[in-house]
Amino acid sequence: MTSFTSRPFRSLIASSLSNGVIWLGISFACLPFAWMILSSIRDPAEIFDVSRMFLPRSLAIKENYGRVLAETPVLSFMLNGIIVCTLILAAQVATALPCAYAIAKLRFHGKRPLLALAVLALLVPFQAIALPIFLGLAWIQALDTYFALVAPFLVSPLAILLFSQFLRAFPDEVIEAARLDRCSHTTILLRIILPASMPVIAAFSVFSVTYHWNDLYWPLIAISSADLAPPTLGILFFRDADGGDSYGSLMAAATLITLPLALVFLIAQRRFVEGITMGAIK
Amino acid sequence: MTTLAVGERPSLRDSVAFDAVICISPAILLLVAMTLLPLAAVVVLSFTDYQLGGTDIHFIGIENFMRVGESDDAGRAILNTLRFTALVVPASVAIGLVLALLVSARGRLRRAYELLLFLPLTATMTVMAIVWSLLLHGQIGPINVALKAMGLAPVEFLSNVELVLPSLALIAVWQQSSFCFVVFLAGLSAIPTEVYEAAALDRVGSGWERFRRITWPLLAPTTVVVLLLTTIKAFQVFDLVAVLTQGGPQGATDVLLYETYLQAFSYFRIGYGSALIMLFIAFVGIVSTLQMWFARRRQP
Amino acid sequence: MPGLSITLQDVTKSFGSEAVLKDINLSIKEGELVSLLGPSGCGKSTLLRIIAGLERAEAGSIRLGEQVVDALPAGARDLAMVFQSYALYPHMCVADNIALSLEMTELSALQRLPLLGRVLPGSRAIRQAISNRVRQAADLTEIAHLLRRRPAHLSGGQRQRVALARAMAREPGIFLMDEPLSNLDAKLRISMRSEIVDLNKRIGATFLFVTHDQSDALAMSDRIALMMGGRIRQIGTPQEIYDSPSHLDVASFIGQPVINLFPVNVDSAGRVRLVNGTQPFGGCSLPNGSAKVGVRPEAFDIVASEPLGTRFALTARLDRVERMGAEVLIRCRTMALGASATCRLSVDQFDEVSATGILSGAFHLVAQKRGVHLFDEEGNAAAFHPLLRTEMEVAK
Amino acid sequence: MPGLSITLQDVTKSFGSEAVLKDINLSIKEGELVSLLGPSGCGKSTLLRIIAGLERAEAGSIRLGEQVVDALPAGARDLAMVFQSYALYPHMCVADNIALSLEMTELSALQRLPLLGRVLPGSRAIRQAISNRVRQAADLTEIAHLLRRRPAHLSGGQRQRVALARAMAREPGIFLMDEPLSNLDAKLRISMRSEIVDLNKRIGATFLFVTHDQSDALAMSDRIALMMGGRIRQIGTPQEIYDSPSHLDVASFIGQPVINLFPVNVDSAGRVRLVNGTQPFGGCSLPNGSAKVGVRPEAFDIVASEPLGTRFALTARLDRVERMGAEVLIRCRTMALGASATCRLSVDQFDEVSATGILSGAFHLVAQKRGVHLFDEEGNAAAFHPLLRTEMEVAK
Amino acid sequence: ETTLEVLHAWPGDHGNYQPLADAFMKAHPDVRVEFRVSPPDYNEANLVVTRNAMTGNLPDVYFSGFSVLRPLVTTLKARGQAVPLTPFIGAESKEWLEQNYSPAILSLGQVDGVQYGIPFNASTPIVYYNADLVTKAGADPDHFPSDWEGVIALARKINALGGDVRGMNYSVGSLESDWLWQAAILERGGAILTKDEKAVGYDNILGLETLRFLRHIAEATDMDVATAQNSYKELFFAGKLGFYITSPSSVRSFMQTIGDRFAMRTAPYPLIDRVSGRLPSGGNAAVILAKDPEKQKLAWEFVKFVTGPGAQAQIAEATGYMPTNKKASDLLGPFYSSNPNYATAATQTGIAGSWYAYPGSTGVEIWRAQRDVIDLVQRGKLSPEDGLKRIATKTADLLK
Ligand SMILES: Nc1ncnc2c1ncn2[C@@H]1O[C@H](COP(=O)(O)OP(=O)(O)OP(=O)(O)O)[C@@H](O)[C@H]1O
Ligand SMILES: Nc1ncnc2c1ncn2[C@@H]1O[C@H](COP(=O)(O)OP(=O)(O)OP(=O)(O)O)[C@@H](O)[C@H]1O
Ligand SMILES: [Mg+2]
Ligand SMILES: [Mg+2]
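As structure tokens, then:
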């Protein structure tokens, strides 16, 4: 039978092809990171040595990382980052999930205007409205606080869109069952929608946390005291006025700051694979 | 027993509507406070001649908008932005989709692959721009070193007027495809395994047909969202330009948001900058509305 | 908790342009156990969903007990439902699936709080009580060993029992069950039936029970409501429905194997004959014209010689014999009409008959008097006297 | 396309630490229609999924026809399956749901291309043929009017019929059906049954059919495989299974209402008596000890006076009467054992018996000879002679 | 205890400021110097201060880039928030001023003749060169050419070494600021704008020569005209570029980055007109923004301290900047002689001119218009004549 002889062969080709594509993608994705990490562990003098672009000769881990840790309070920056990102993420999930639930599962007038509003909010570049927000916060004397750092991001239109799109696929009947079980919408949200949305919440968390972790634009506007400074400020410490960046430490700082994000992803990743219906309905 | 008049009915709807109001009101209030009101301020400013830090302000009607219309820079910025978007969006979505499909079909190594492919999303552009400028360096960048090793002529990615925008697009694709990858991964997880099982028995077990007939249609809603988000993000390109090229050479990478930023915050022309932003929003709004409209029309 | 009565008045519902429920009127007394029977797609689930408040009727009103509930959201109606598709909570284990509604009613909002709630005064005791009730419901449905599993890791029947247990653990005024036993094996099904009946008797709740299994309906229900094409066609005790179907459709829907139907003519004197028969076999008050007569398969006796008198009788030949455990179905073809007919015999009867050897040739099917039903041209049941008027007069 | 035989050899499967299938050995001939019966959760669906290639067995091997398919992916095995939970394609209309597999087999890869494919030579005719087959399958399952609907807009039974039609439209060598009729009303169910049997006869495919409805199994199948606790307990024709259950479990699983069981003692001479009875009612070759006797409910006659001789008989009092359309169940309590017993009578028999008035007092249940089954202490069926050896000798 | 809030750009420079603040606090135990979060560059810092002005939350002392000082003062003056230093200087002795600051340096901190800031960092462009390449090309690294033609000739020699090695890259249009462009005008003794500030001051043969010269460099050295400075800075680090012209403030970090892969040396800028030629000074001036008179006094003390001889010497050693304080140069003698790379900056103090600040906030926009033209000229896509015309008209347009 032909299928017998050709099938394993064909699937071998298919799987090596798909592996090839994956590794191509991974190389593309990781090339800059490989370079960043390499540069962070080697003597800055070597970074521009074309002949050994990817082969460090002498390591300078202590120097580069030591300088980062000694010259900048990068750990306290990170603590700020953790506080701010956690607050923002919690608020975004807390505001977007009910909203997305209403959009996906409740019947009410004004669904379209609401969606339009969310898309509009997505269209508006933050740079455009940062100044009015800054003035508003100044007016209520809330600048230079954690509140100022999180206030503009308490609701995320991206989250609303992603969540509502995802929840559309969630079976209505399960929610109906919960309503018959006298669950309030709060309970439905907390005990049914929240766990069911974990894959998309996990995905969104990754976006939200990486974005706000790396955000420098708003913190530089909203705060003036270094106690509240975000992690990425640690990177700027190694960029010099007239161009001679301290490459080794710069890359070390960048690596340090990226590490927690990889951790966040690893935590979130566990959730990606879970399916949505999972035997709930026939 | 009398039949209830229809007029008494809406209370059920009311209660549902009331619950909906409670669900959406925090989001709405915050959207209004943190986006709509500031945006309103921008709208107002766009009709004035306000200078940042200035003390006087005059309404000048639509003069700012007229000036945008006359400005070559604005036209060029729009064109560049469109070209950039046209380069970035299809590539990012396609790469993200293909990788998500392939990776989700993997067994043991899947999680490691995911982590590696997710990395670009974590990048801080301030640093990555430096890294990329080196990777794409005309003489000593690894890519050119490789080209030279193969006996080809090196490519000046970032200073060639023709190539600079595609080069920036390449970097954007690098990051955006990672974003698409993660969203698609989450979207794929929402497809019930049972459907795939039924498909396997219907001989749609793998490959193109399974993608076309099962995965793609079921992923369509995710794709619409991804397209929308990627488009908006591409339109909002700013960091890359600010760090790598500042719009040069010869304005080849001068994009809308960068132009706006220059006007408002480098030249302090808040009024004019606001007008530009308004046009930007209108423009992106139209493009994404069209996009969603097409998407919706395609799927009944 | 006493049961609540259910009263539907002119309930109407359509999906798009398709009318699914057409002026449904139904009243169910408190504590009654009513089965809703009907062909697939006739609107049973829709009706249940409307009663539950999950779907809105376009017109008409619904009362539960004394209260008009048209404006009441689902959660405020005192009822539990088993969904045809189970609708389990995918992220909760079986125990939590069952406990959720209990927690909602028994615990205060404060006591429900994730961590704090557990240490609040009183919470412990209530939680204990809830977990007892969960265990009890799980025991009844034989899923006690599965309490920690997620729905995804259960078999089809196990999922269905979780859905059942979830409804049973609550003790509301009304139970709505949409084919709650369809995926259970016979043994389990029988024991579930009696659990449901017991529950009905014990807590006095009102049950509305969709099933496609007639033996469920016949065995359990106080009354059966027969629904077809979006209308309630007949409602009555199982025996009423079986013995006096109001319409051809009802007669042919109820009873297994299906009732045998034969075309008849009614002459102006009300005498009923088979379309090509000469001998009248009964009388009726229908006008001159054609009609149909229905005979239950178990109402046929198989005899060797043509019977005398006016009993309904047909000559037939054997098509095939179907043995079904305790009984045997005889499929045969009537010679005059060319129609097929089915007889149902017990194994003993069959052995007797087949011992005589008549099955190998032509034999006669004779209907017992009470198994014969007459329907007019529209299919409505018509009074039928197995004896002709003349005979009746004679008998008097 | 001729059917393929199915041969399972020592198939084993567990989920986590729970063994679900234990050394399953089963062989089904080509063209055979076998029902798989068993209690909920016994592993039926798992077995089907393993045959289909959707799940991997831990040990053992599977042959379809001549081919060992252990390494073959699901799509390459020539079979169609009806899932217990339907597994319809949510984004396709009914017609597309049914057509998909046909397009995959009938159209070439080129002809399947989105736009181009339609204009390729031959494509039109094949597509026409496919749409004819879709319509035919839809007609058989009575969903022709729903062809353009999405699954979400169908009732439960309609969905199930789509799943059925999807499998029937293909004509593979093997059909696996996991409770394909569970959500259908009796009438539809009967007609689906005969469609399935017809299909089986027409295309000669092999059918493995999970059902929890014994009448389905009894009416349709060539053989029944009885599965319990992850093992095949008995396989045989319906009548074999019913008449000669190999084990107590099988006996009490098959037959509705369930078989009556009574404890008995066997003396050293092989005489069988009720535990508290004096009179032996038969003989066996079991050693001295206790055993169980099973009597089918329809095997009891109700008589007024205690019978003479050695027939199995009990004195009983009426508990309650259950009328079920054409038949009546008599639940009674035996006086000596205190056990409950069920008799099944036809309406006529019941009328006769009740007319005599004996039901109001104590009466006697006498078992017909062939309805009595003996099981040893482990529950295995044992040979039983309704007559004692002495009687037999006398009879000789 | 009083707190003095200080803002400076470039977070990486914090290491230079903090020790000064510490020393100052030691001298004034009742004062706490607190640094605000530092913006990434001068323009961003200017934005921060402008926003602070709008919310009335200005820092007490601000180190303003020279190029943004004028627009800042213009804005603040209009809001009544500008603090001229005249009264404070007046309160000091006359000798003090003369002994510490040269008039040329002081002029960097003036707007419209009024002193608003005391320069803290100052730098004029110098040449960094790869001594190894110079040697290889057969020239003497100890005698780096002091005129442009010499530099160009040397670059050509280095080009001739082959491989990927380039002699020089002088893509003036690639800079974010017009520092080198102004240098090219000023070194010829030209003026950036006319007196009335309505047009460019070099719409004449001088301007034409400048553009021709830039074109000449590009052609003669076979230069790859770059869009961003980074690209050839990295090339320099890689040891593939002969020389690189930028601020002396990078001496230290360049040495670090290069390590011992090759010998890096510095040389003075090859000034063309050694009589009236000047070089624009980069860097920043300490500006007082405090509102409260007491705070202002304290701020003045701080400004005096950080621009004092000790502090300036410290900065010069740590970076390579030329000290803005006269007395500091004396202190630096021994350091300079042992570290010649650092000394180069100080040799140019005499030719330090001011970096011309355009009126209003048009500076960035004007440069953006000009750099495109310069880029085209250097690429040979536009004649110097047309280029000059274009620069002149565009600039005049923007000055309207
Ligand atoms: N994914 C799973 N993980 C763990 N256990 C499972 C899983 N699927 C099924 N089981 C268990 O395996 C056993 C057999 O399941 P299976 O679905 O084969 O039963 P079944 O015979 O089809 O029952 P039913 O008639 O209820 O559908 C059940 O006890 C079930 O709980
Ligand atoms: N969401 C819907 N949109 C459109 N039509 C629907 C929808 N739900 C149900 N229907 C149609 O309404 C009719 C009644 O559906 P319903 O589910 O009430 O039937 P049912 O009596 O429960 O049938 P079954 O026994 O098959 O479950 C069916 O013909 C069905 O196709
Ligand atoms: Mg239904
Ligand atoms: Mg199953």
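Protein chains in written order, with the working numbering: chain A, 236 to 517; chain B, 161 to 460; chain C, 280 to 675; chain D, 280 to 675; chain E, 238 to 637. Yeah, the Cβ is synthetic: ideal placement off N, Cα and C, and Gly gets one too.
- Is there at least one Cβ from chain B nearer than 8 Å to Pro465 of chain A's Cβ? Working through the first sequence from its first residue, we reach residue 465 of chain A at position 230. Not one chain B Cβ lies under 8 Å of Pro465 of chain A.
- If we cut at 8 Å on Cβ distances, does Phe591 of chain C have a partner in chain A? Position 312 of the third sequence holds residue 591 of chain C. Judged by the 8 Å Cβ criterion, Phe591 of chain C is not in contact with chain A.
- Opening and closing residue of the beta strand (DSSP E) in which Tyr366 of chain E lies: Taking the first residue of the fifth sequence as 1, we reach residue 366 of chain E at position 129. Boundaries of the beta strand (DSSP E) harbouring Tyr366 of chain E: 363–367, taken from the DSSP string.
- Item | Status (buried if at least 16 other CB within 10 Å, exposed otherwise) for Gly568 of chain D | By one-based count along the fourth sequence, residue 568 of chain D stands at place 289. When all chains shown are included, Gly568 of chain D counts as exposed.
- Item | Coil, strand or helix - Asp580 of chain C by DSSP | Start at 1 with the first residue of the third sequence, and residue 580 of chain C comes out as number 301. DSSP places Asp580 of chain C within a strand segment (E or B) once states are collapsed to three.
- Message: Using a Cβ-Cβ cutoff of less than 7 Å, which residues in the same chain neighbour Lys393 of chain B once the five nearest sequence positions on both sides are dropped?
- Response: For the purposes of this step, residue 393 of chain B is identified with residue 233 of the second sequence, where counting begins at 1. Taken in chain order, the residues that qualify are Gln336.
- Query: Using a Cβ-Cβ cut-off of 6 Å (strictly less than) and excluding sequence neighbours within five positions of Phe591 of chain D, which residues of its own chain qualify?
  - Reply: Locating residue 591 of chain D in the fourth sequence gives position 312, where the first residue counts as 1. Correct list, in chain order: Phe560, Ala646, Val651.
- Query: Got a sec? Which residues, its chain only, sit under 7 Å from Thr325 of chain C by beta carbon, not counting five neighbours each side?
  - Reply: Locating residue 325 of chain C in the third sequence gives position 46, where the first residue counts as 1. Within the same chain, Thr325 of chain C has close Cβ partners Lys292, Val299, Leu300, Glu334.
- List the whole-angstrom C-beta distance separating Lys394 of chain E from Ala374 of chain E, where the pair is believed to meet the contact cut-off of C-beta under 8 Å. Numbered from its first residue, the fifth sequence carries residue 394 of chain E at position 157. Numbered from its first residue, the fifth sequence carries residue 374 of chain E at position 137. Their Cβ separation, rounded to whole angstroms, is 4 Å, which keeps Lys394 of chain E and Ala374 of chain E in contact under 8 Å.
- Query: Rounded to whole angstroms, how far is the Cβ of Met506 of chain C from the Cβ of Gly317 of chain C, which I believe are closer than 8 Å?
  - Reply: Translated into positions along the third sequence, residue 506 of chain C becomes position 227. Translated into positions along the third sequence, residue 317 of chain C becomes position 38. With a Cβ gap of about 4 Å, Met506 of chain C and Gly317 of chain C count as contacting.
- Task: Run the CB neighbour count on Val512 of chain E, radius 10 Å, all protein chains shown included, and call it buried at 16 or more, exposed below.
- Result: Residue 512 of chain E sits at position 275 when you count from the first residue of the fifth sequence. Exposed.
- Message: Measuring only the C-alpha atoms, how far is Phe283 of chain A from Val192 of chain B?
- Response: Numbered from its first residue, the first sequence carries residue 283 of chain A at position 48. Numbered from its first residue, the second sequence carries residue 192 of chain B at position 32. Cα to Cα, the separation comes out at about 50 Å.
- Based on the DSSP output, what are the partners of His245 of chain E in its beta bridges? Counting from one through the fifth sequence, the residue named residue 245 of chain E turns up at place 8. BP columns for His245 of chain E point to E:Phe300.
- Query: Can you tell me whether Ser306 of chain D is buried or exposed, with buried defined as 16 or more other CB within 10 angstroms of its CB?
  - Reply: Position 27 of the fourth sequence, counting from 1, holds the residue named residue 306 of chain D. Counting Cβ neighbours within 10 Å, Ser306 of chain D comes out exposed, since fewer than 16 surround it.
- Item | Any heavy atom of ligand 4 nearer than 6 Å to the CB - residues listed | Working through the chain, the matches are C:Ser434, C:Gly435, D:Lys323, D:Ser324, D:Gln363, D:Asp457.
- Message: For Cys334 of chain A, report the span of its alpha helix (DSSP H) as first-last.
- Response: Along the first sequence, read from residue 1 onward, the residue named residue 334 of chain A stands at position 99. Run containing Cys334 of chain A: 309–340, per the alpha helix (DSSP H) assignment.
- Message: Quick check: what's the CA-CA separation for Ala416 of chain C versus Ile317 of chain A?
- Response: The residue given as residue 416 of chain C occupies position 137 in the third sequence. The residue given as residue 317 of chain A occupies position 82 in the first sequence. In a straight line, the C-alpha of Ala416 of chain C is about 46 Å away from that of Ile317 of chain A.
- Task: Check Pro542 of chain D in the structure and name its three-state DSSP category.
- Result: In the fourth sequence, the residue the question calls residue 542 of chain D occupies position 263. Reduced to three states, the DSSP call for Pro542 of chain D is strand.
- Message: Looking at ligand 1, does it come within less than 7 Å of Gln439 of chain D, judged from the CB to the closest heavy atom?
- Response: Along the fourth sequence, one-based indexing puts residue 439 of chain D at 160. No, ligand 1 has no heavy atom inside 7 Å of this Cβ.
- Query: Cα separation between Ile374 of chain B and Ala260 of chain B?
  - Reply: Here residue 374 of chain B is taken as the residue at index 214 of the second sequence, counted from 1. Here residue 260 of chain B is taken as the residue at index 100 of the second sequence, counted from 1. Those two C-alpha atoms are separated by around 15 Å.
- Message: Taking 8 Å as the limit between beta carbons, can you name the residues of its chain near Gly407 of chain B, skipping five residues before and five after?
- Response: Counting from 1 along the second sequence, the entry for residue 407 of chain B is found at position 247. Closer than 8 Å at the Cβ level, and outside the excluded window around Gly407 of chain B, lie Val401, Thr413, Asp414, Val415, Tyr418, Glu419, Leu422.
- Among B:Gly347, B:Arg266, B:Val397, which residue has its Cα nearest to the Cα of Leu397 of chain A? As a first step, residue 397 of chain A is located in the first sequence; it is residue number 162 there, counting from the start. Comparing Cα-Cα distances from Leu397 of chain A to each of B:Gly347, B:Arg266, B:Val397, the minimum goes to B:Gly347.
- Item | Buried or exposed (CB count within 10 angstroms, at least 16 for buried), Arg449 of chain C | Residue mapping note: residue 449 of chain C aligns to position 170 of the third sequence, counting from 1. Looking at its Cβ environment, which holds 16 or more other Cβ atoms inside 10 Å, Arg449 of chain C is buried.
- Task: Ignore the nearest five residues each way along the sequence and tell me which others in Ser304 of chain E's own chain have a CB closer than 7 Å to its CB.
- Result: Locating residue 304 of chain E in the fifth sequence gives position 67, counting from the first residue. The answer, listed in chain order, is Tyr279, Ser414, Trp592, Ala594, Gly600.
- Task: Keeping to the same chain, check which residues put their C-beta closer than 6 Å to that of Ile588 of chain E; ignore five residues upstream and five downstream.
- Result: Residue mapping note: residue 588 of chain E aligns to position 351 of the fifth sequence, counting from 1. Arg515, Leu516.
- Could you have a look at Asp304 of chain C and say whether DSSP puts it in helix, strand or coil? Against the third sequence, residue 304 of chain C aligns to sequence position 25. It is worth fixing the name first, because residue 304 of chain C is Asn in this sequence and not Asp. Of the three classes helix, strand and coil, the one that applies to Asn304 of chain C here is strand, per DSSP.
- Item | Ala605 of chain D versus Pro542 of chain D: straight-line alpha-carbon distance, rounded | Counting from one through the fourth sequence, the residue named residue 605 of chain D turns up at place 326. Counting from one through the fourth sequence, the residue named residue 542 of chain D turns up at place 263. Cα to Cα, Ala605 of chain D sits roughly 31 Å from Pro542 of chain D.
- Task: Would you please verify whether the beta carbon of His370 of chain D is less than 8 Å from any beta carbon of chain B?
- Result: As a position in the fourth sequence, residue 370 of chain D is number 91, starting the count at 1. His370 of chain D counts as touching chain B.
- Item | Proximal chain D residues relative to Lys517 of chain A, where beta-carbon distance stays under 7 Å | Counting from one through the first sequence, the residue named residue 517 of chain A turns up at place 282. What Lys517 of chain A touches in chain D: Ser364, Tyr365.
- Coil, strand or helix - Asn659 of chain C by DSSP: Taking the third sequence and counting its residues from 1, one reaches residue 659 of chain C at position 380. Strand.
- Task: State the Cα-Cα distance for the pair Ala674 of chain D and Arg468 of chain D, rounded to the nearest angstrom.
- Result: What you label residue 674 of chain D is simply residue 395 of the fourth sequence in a count that begins at 1. What you label residue 468 of chain D is simply residue 189 of the fourth sequence in a count that begins at 1. With a pLDDT of 47 at Ala674 of chain D, under the threshold of 50, the modelled position of that residue is not reliable, and no figure is offered here.
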